[in-house]
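Note sheet for the following structure.
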């Protein structure tokens, strides 16, 4: 009787552990969640940088980001990575290094850019 109860208890714990692993993996953010062209806006940014696009791709399994500003300037993101369910990267804007953190929330991306002077909020919608 004790052996049966122990076996049932062990199996139940195994199912609980397996289901928690599946749930954790399904909540993980992948590069594929971000791939595409995203039109961003930020009212807090300097005028030339208030609108533009993030072009997010995957090359050899790693994320890649190009930022196209409305003034025609194009900048490649550096140190692009997924960390804590966010897409993080940096880039140089007029000789200043800017760190960007983006998070996917349903059909949009929200995030911020950290500059030496300020933290600038931004929002992006996926281009159809």
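Residue numbers (mature numbering (1 follows the signal peptide of the UniProt record, and there is no 0)): -24 to -1, 1 to 104. All C-beta atoms in this analysis are idealised placements derived from N, C-alpha and C, irrespective of residue type, glycine included. Quick caveat: nothing in here was measured; it's all calculated off a predicted structure.
Spatial distance of residue i from residue j (CA atoms)
i          : j           : result
residue 44 : residue 26  : 11 Å
residue 72 : residue 79  : 23 Å
residue 23 : residue 101 : 19 Å
residue 1  : residue 81  : Unreliable placement is indicated for residue 1, whose pLDDT of 39 sits below 50; no coordinate value is reported for it.
residue -4 : residue 36  : Because residue -4 sits at a pLDDT of 43, beneath the cut-off of 50, its placement in the model cannot be relied upon, and the point is left open.
residue 62 : residue 70  : 25 Å
Cutoff 8 Å; reference residue i; Cβ partners in own chain excluding five residues on either side
i           : result
residue 34  : 7, 8, 11, 40
residue 46  : 24, 25, 26, 27, 28
residue 50  : 42, 43, 44
residue 64  : 55, 56, 57, 58, 75, 76, 77, 78
residue 103 : 12, 13, 14, 15, 29
Three-state class that DSSP yields for residue i in the structure shown
i          : result
residue 18 : coil
residue 9  : helix
Residue i - containing beta strand (DSSP E), residue span
i          : result
residue 89 : 84 to 90
residue 55 : 54 to 59
residue 42 : 38 to 45
residue 73 : 72 to 81
Contact set for residue i: own chain, Cβ-Cβ below 6 Å, skip 5 residues either direction
i          : result
residue 21 : 96
residue 90 : 75
Sequence-distant residues of its chain with Cβ nearer than 7 Å to residue i (five each side left out)
i          : result
residue 3  : Residue confidence is low: residue 3 scores 48 on pLDDT, short of 50, so the model does not pin down where it sits. Its coordinate-derived value is still stated next. Result list for residue 3: empty, nothing under 7 Å.
residue 86 : 79, 99
Any non-hydrogen atom of the ligand NAP closer than 7 Å to residue i Cβ
i          : result
residue 91 : By its list of ligands, the structure shown contains no ligand whatsoever, and the ligand NAP lies outside what it can speak to.
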